[in-house]
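Q:
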Amino acid sequence: MTALGILDAVGWQTVFDLESGQEREADGPLCSIARKIQQDHPYPGDQEAGAMAWVTDTALGLTRRYSPELVLLNYANPFFLRTFSGLSREAWLGAVATAFVEAGRFIEESGFCPVVLGTGSLTPVMGRVDLSTIDGIENVTGPVPTYAAVDRPSTRDLKEIEEMDGIRWAMTKDEVVRQFRPCKEQAHRLPDLLLAAEQGWIFRGFGSVTRPVHAIPGLDREIPIHSDAGTIRTLPEIKPTVLRRLEEGDKVAFIIIEGVGTDNFLLPWTRCDNTFGEFIYPQGGEQYLAAMTGEHLNRQPHPPAYFHFREDDENKPYPFSGYFTALPERTLGGDWSGKSVAVGSRSTLTHLTTGADIALECYARNLYNFGTLAVVREQKKRGDEQGE
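With the numbering used here applied, the sequence shown closes on residue 1407, and no number is skipped along the way.
#1: Using only alpha-carbon positions, find the residue among THR1312, ALA1215, VAL1148 and ILE1156 that is nearest to TRP1188.
#2: Helix, strand or coil: which one does DSSP assign to CYS1050?
#3: Hey, ARG1147 and ARG1223: beta-carbon distance below 7 Å or not?
#4: What runs of the alpha helix (DSSP H), each 4 residues or longer, lie entirely inside the region 1264-1306?
#5: For MET1183, I'd like the list of residues in its chain whose CB is within less than 7 Å of its CB, leaving aside the five on either flank, ordered along the chain.
#6: Taking the C-alpha atoms as reference points, what is the distance between SER1051 and ALA1248?
#7: Do you know offhand how far LEU1351's Cα is from LYS1258's?
#8: Note down the Cα distance separating ARG1264 from PHE1273, rounded to an integer number of angstroms.
#9: What are the complete beta strand (DSSP E) segments, minimum 3 residues, inside the region 1050-1117?
#10: Excluding the five sequence neighbours on either side, which residues of its own chain have a C-beta within less than 7 Å of the C-beta of GLN1405, listed in chain order?
#11: Let's see if you can read the secondary structure: which residues bound the alpha helix (DSSP H) around GLN1198?
#12: Between ASP1149 and chain D, is there a C-beta pair that is closer than 7 Å?
#13: In whole angstroms, what separates the C-alpha of VAL1090 from that of SER1359?
#14: Across which residues does DSSP place TRP1188 in a beta bridge pair?
#15: Is it buried or exposed for ALA1324, if we count other Cβ within 10 angstroms and need 16 for buried?
#16: Grab me the residues of PRO1287's own chain with a C-beta within less than 7 Å of its C-beta, minus the 5 sequence neighbours each way, in chain order.
#17: Could you round the C-beta distance between LEU1392 and LEU1026 to whole angstroms and report it? I think they count as a contact, below 8 Å.
#18: Could you tell me the alpha carbon to alpha carbon distance between SER1039 and VAL1261, rounded to whole angstroms?
#19: Go ahead and pull the three-state DSSP assignment for ASN1334.
#20: Skipping 5 residues on each side, what residues in its chain have a beta carbon closer than 7 Å to that of VAL1163?
#21: Mapping the DSSP letters down to three states, classify THR1033 as helix, strand or coil.
#22: If you reduce the DSSP assignment to three classes, tell me which class ALA1310 lands in.
#23: Cutting at 6 Å between CB atoms, please list the residues of its own chain near PRO1061, excluding the five before and the five after it.
#24: Look up HIS1245 in the DSSP assignment and say whether it is helix, strand or coil.
#25: In the DSSP assignment, find the beta strand (DSSP E) that holds GLY1137 and state where it starts and stops.
#26: Is DSSP giving VAL1120 helix, strand or coil here?
#27: Near THR1160, which residues of its chain fall below 6 Å by C-beta distance, leaving aside the five closest residues on each side in sequence?
#28: What is the residue span of the beta strand (DSSP E) that ILE1377 lies within?
#29: Among SER1104, ILE1186 and GLU1042, which residue has its Cα nearest to the Cα of GLN1066?
#30: In this structure, does DSSP put ARG1318 in helix, strand or coil?
#31: Between the region 1190-1206 and the region 1115-1127, do three or more beta carbon pairs fall short of 8 Å?
#32: Would the beta-carbon of THR1250 fall within 7 Å of that of MET1311?
#33: Mapping DSSP to helix, strand and coil, what is ARG1329?
#34: Rank SER1173, SER1356, ALA1167 and LEU1346 by C-alpha distance to the C-alpha of VAL1394 and give the top, closest one.
Pasting the structure below:
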């Protein structure tokens, strides 16, 4: 399915083919809807007060114009605010409350049946596992990496890693295959050694972010979920539960609030398993994909701490979709036969993991705000543009 991207830098827009990155002319009703919404709703910035209201306002605007049955939202700002800005606990709890107020505002004004997931707690940084001195090739990914990969470790490396503080477990490629049974697409990308950090520790090495970090994801084996759509006990159960409710004729909103665990979740909640064997889902791509595709880590195309640079050159497809070289299949938005939209303050993951007809996200990198990115999938959908 052809997907188009629309970049809006406030006063300037361009449309491009999402796979090639080449500029295209805008066409079709979904492009028109997305461009108008982007013009009306510029993103304030990851650490600005209006960022969470932006998610709600943008989603309500899309809902009025497109009339979807499925809405997928994420409020990532509580995660970013505590992780990078060093807010006091009181100020951060205020931000969490704002996220729940905004999620509640969307639910109340739209009348959608809610499923709300908290991605887990945040904890102070206790230490860093420094891999920069090893002989092998190390890689860490993401702003707060709790998993790391090593290729071609030397005998000295193996001994040094065994003695390092802050490592919860280390698995060879063969051990990963035996325990997790990854799909073929993931198996050929596995590192020689996969490392997991202990509670409060993150890895330092190739790919580390230089920005100061004030908090990191906790090792939450269970995370909170509020579901009016039916009982949900695991991340992969979210997708079929939502689809079942949609097929019964209800409109459903699946909402992710990042950086919030059981201690700070402000709705009635039940426990959702956040593990796959010895793997605890970190807050980010693997967690989003498990929820949106209904499949665990071993069915995803990339392992944790993937050596993404090996497939990254000037010819890489989907240059605006992180290290993915293809859009994930069988997503919640893609498998729903009706209309769907997604809005989020988590860039890349909003369009990448949802498969929505219209996905609109902040276009921010390392907290620098460049505008908004909309991704539309014109071919799938029916439905004309709604009224102003």
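Don't be surprised by glycine CBs; every beta carbon is placed ideally from N, CA and C.
A: A quick look at the data gives this:
#1: Working through the sequence shown from its first residue, we reach residue 1188 at position 169. Nearest C-alpha to TRP1188: ALA1215.
#2: Here residue 1050 refers to the residue found at position 31 of the sequence shown. In the structure shown, CYS1050 sits in a helix (DSSP, three-state: H, G or I).
#3: Stepping through the sequence shown from its first residue, residue 1147 is reached at position 128. Stepping through the sequence shown from its first residue, residue 1223 is reached at position 204. A contact, by the Cβ cut-off of 7 Å.
#4: none
#5: Your numbering for residue 1183 matches position 164 in the sequence shown. So the list reads VAL1148, once near-sequence residues are dropped.
#6: Counting from one through the sequence shown, the residue named residue 1051 turns up at place 32. Counting from one through the sequence shown, the residue named residue 1248 turns up at place 229. Straight-line Cα distance between these residues: approximately 32 Å.
#7: Walking along the sequence shown from the start, residue 1351 turns up at place 332. Walking along the sequence shown from the start, residue 1258 turns up at place 239. Roughly 6 Å between the two C-alpha positions.
#8: On the sequence shown, position 245 is the one that residue 1264 refers to. On the sequence shown, position 254 is the one that residue 1273 refers to. Roughly 12 Å between the two C-alpha positions.
#9: 1089-1094
#10: In the sequence shown, counting from the first residue as 1, residue 1405 sits at position 386. Legend: pLDDT at GLN1405 = 44, less than 50; position of this residue unreliable, no value from coordinates given.
#11: Position 179 of the sequence shown holds residue 1198. It spans 1192-1199 - the alpha helix (DSSP H) in which GLN1198 sits, taken as one unbroken run.
#12: Any reference to chain D falls outside this structure, which holds one protein chain only.
#13: Translated into the one-based positions of the sequence shown, residue 1090 becomes position 71. Translated into the one-based positions of the sequence shown, residue 1359 becomes position 340. C-alpha separation (whole angstroms): 6 Å.
#14: The sequence position of residue 1188 within the sequence shown is 169, counting from 1. BP columns for TRP1188 point to ALA1215.
#15: To locate residue 1324, count along the sequence shown from 1; it is residue 305. Burial call: buried.
#16: For the purposes of this step, residue 1287 is taken as residue 268 along the sequence shown, with counting starting at 1. Closer than 7 Å at Cβ, skipping near neighbours: HIS1245.
#17: Along the sequence shown, read from residue 1 onward, the residue named residue 1392 stands at position 373. Along the sequence shown, read from residue 1 onward, the residue named residue 1026 stands at position 7. Rounded, the Cβ-Cβ distance is 6 Å, consistent with contact.
#18: For the purposes of this step, residue 1039 is identified with residue 20 of the sequence shown, where counting begins at 1. For the purposes of this step, residue 1261 is identified with residue 242 of the sequence shown, where counting begins at 1. If I take the Cα positions, the gap works out to 32 Å.
#19: In the sequence shown, the residue the question calls residue 1334 occupies position 315. ASN1334: coil per DSSP, three-state reduction.
#20: Reading the sequence shown from its first residue, position 144 is the one you call residue 1163. So the qualifying residues of the chain are THR1102, ILE1221, VAL1232, ILE1235 and PRO1236.
#21: Working through the sequence shown from its first residue, we reach residue 1033 at position 14. Looking at THR1033 - three-state DSSP - the assignment turns out to be strand.
#22: Along the sequence shown, one-based indexing puts residue 1310 at 291. Helix, per DSSP.
#23: As a first step, residue 1061 must be located in the sequence shown, where it is residue number 42. Here the set comprises VAL1029.
#24: By 1-based counting over the sequence shown, the position of residue 1245 is 226. It is a strand residue.
#25: Stepping through the sequence shown from its first residue, residue 1137 is reached at position 118. GLY1137 -> beta strand (DSSP E) spans 1132-1137.
#26: Walking along the sequence shown from the start, residue 1120 turns up at place 101. In the structure shown, VAL1120 sits in a helix (DSSP, three-state: H, G or I).
#27: Stepping through the sequence shown from its first residue, residue 1160 is reached at position 141. Closer than 6 Å at the Cβ level, and outside the excluded window around THR1160, lie GLY1226 and ALA1324.
#28: In the sequence shown, the residue the question calls residue 1377 occupies position 358. From DSSP, the beta strand (DSSP E) with ILE1377 extends over 1377-1384.
#29: In the sequence shown, the residue the question calls residue 1066 occupies position 47. Of the candidates SER1104, ILE1186 and GLU1042, the one whose C-alpha sits nearest the C-alpha of GLN1066 is SER1104.
#30: To locate residue 1318, count along the sequence shown from 1; it is residue 299. If DSSP states are grouped into helix, strand and coil, ARG1318 belongs with the helices.
#31: no
#32: Residue mapping note: residue 1250 aligns to position 231 of the sequence shown, counting from 1. Residue mapping note: residue 1311 aligns to position 292 of the sequence shown, counting from 1. No; because the gap between Cβ atoms is not below 7 Å, this pair is not in contact.
#33: What you label residue 1329 is simply residue 310 of the sequence shown in a count that begins at 1. ARG1329 falls in the helix class under three-state DSSP.
#34: Taking the first residue of the sequence shown as position 1, residue 1394 is located at position 375. Out of SER1173, SER1356, ALA1167 and LEU1346, LEU1346 has the C-alpha closest to the C-alpha of VAL1394.
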